[in-house]
Amino acid sequence: MEKTKLQLPLVHNELLWARPWRWAKTVFFLVSMLASLLLVCAPPLLVVLLDMLLPPALLSNFHRAANHPASLLDQVRAFHFRTSLVDLPVVSAARSLLILCAYTACGGGAAYLWVAVACSVGSVCYVLAKAAVVFGAAPDGAGLGLQGKGQLVAVEAMFLMSLALAAAHIAMAYRASCRERRRLLVYRIDVEAVRLKGGQTPKSLKQQFAV
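Just so you know, my numbering puts 60 at position 6 of the sequence shown, and the rest follows in order with no gaps.
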């Protein structure tokens, strides 16, 4: 008996169409997993990244526009509270690192919320005190050696950005804390439901429903 031969063109066409389809399904799976990860974990981490990247970028653009070729180390050495802005990125970086450590160690619990609130409030107080010193005596920013309204707007944007990111840290920490409390509540109810015998309701659930 003669053996039936495979139709190579059909097999080749099938492989030609199957490989892009597999790649498309793989890409869709990776995108969906990344999107779910972003929805669950990324808001606090995204705020931390923005807080660590945006202030140094704004400071670098400001010095480039003001023709200040001094390096970051030289700016730190020549730091003055009233005439220097290098401390704003340092405060943002320190705040972000502390909040990131709390988020990594405590997850979304109450400890993370309190650390985020304490760091954000402390940084806000520092930024407001610096803004009062910088713009108090000279509202036009003359103490910083600003030239033109554009540089003044850039400096004001740095202060407002630091305050906005501090508020974003608190908002993300509160959201994570609420999600953690809901998760613990559901877990506690599930554990109590497992302990039910004869359809009786636990006393804790009776008290909750009575309230």
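Beta carbons are placed, not taken as given, at the ideal position from N, Cα and C, and that holds for glycine.
With a CB to CB cut of under 8 Å and the five nearest residues on each side skipped, what residues in its chain are close to residue i?
{"i": "S231", "result": "G162, G163, A164, Y166 and L167"}
{"i": "L99", "result": "L154 and Y157"}
{"i": "C160", "result": "Y166 and V169"}
{"i": "A185", "result": "F213"}
{"i": "P74", "result": "none"}
{"i": "L139", "result": "L113, F116, L198, V209 and M212"}
By Cβ distance, which residues of its chain are closer than 6 Å to residue i, with the 5 residues on each side in sequence left out?
{"i": "T255", "result": "At T255 the pLDDT is 49, less than 50, meaning the model places this residue with poor confidence; the figure from the coordinates comes in the next sentence. Here the set comprises nothing."}
{"i": "P109", "result": "L142, P143 and S146"}
{"i": "K251", "result": "Its pLDDT being 47, under 50, K251 is placed unreliably by the model, and the measurement read from it follows with that caveat. Excluding positions up to five away in sequence, the list is empty."}
{"i": "F116", "result": "A208"}
{"i": "P97", "result": "M226"}
{"i": "M106", "result": "A147 and S150"}
DSSP on residue i, reduced to helix/strand/coil?
{"i": "F133", "result": "coil"}
{"i": "G190", "result": "helix"}
{"i": "V140", "result": "coil"}
{"i": "G176", "result": "helix"}
Rounded to the nearest angstrom, how far is the Cβ of residue i from that of residue j, given a contact under 8 Å?
{"i": "R149", "j": "S114", "result": "No, R149 and S114 are not in contact; Cβ-Cβ is about 19 Å, not under 8 Å."}
{"i": "L219", "j": "L112", "result": "About 11 Å; that fails the 8 Å criterion."}
{"i": "V240", "j": "F213", "result": "With 8 Å as the limit, V240 and F213 do not qualify as a contact, their Cβ atoms being about 42 Å apart."}
{"i": "C179", "j": "L152", "result": "About 15 Å separates the two Cβ atoms, so there is no contact after all."}
Who are the Cβ neighbours of residue i in its own chain at under 7 Å, not counting the five residues just before and after it?
{"i": "V101", "result": "L219, A222, H223 and M226"}
{"i": "M215", "result": "L108, P109 and L112"}
Looking at the C-beta of residue i, does it have a partner C-beta in chain B at a distance below 9 Å?
{"i": "L217", "result": "Among the chains in the structure shown there is no chain B, since it carries only a single protein chain."}
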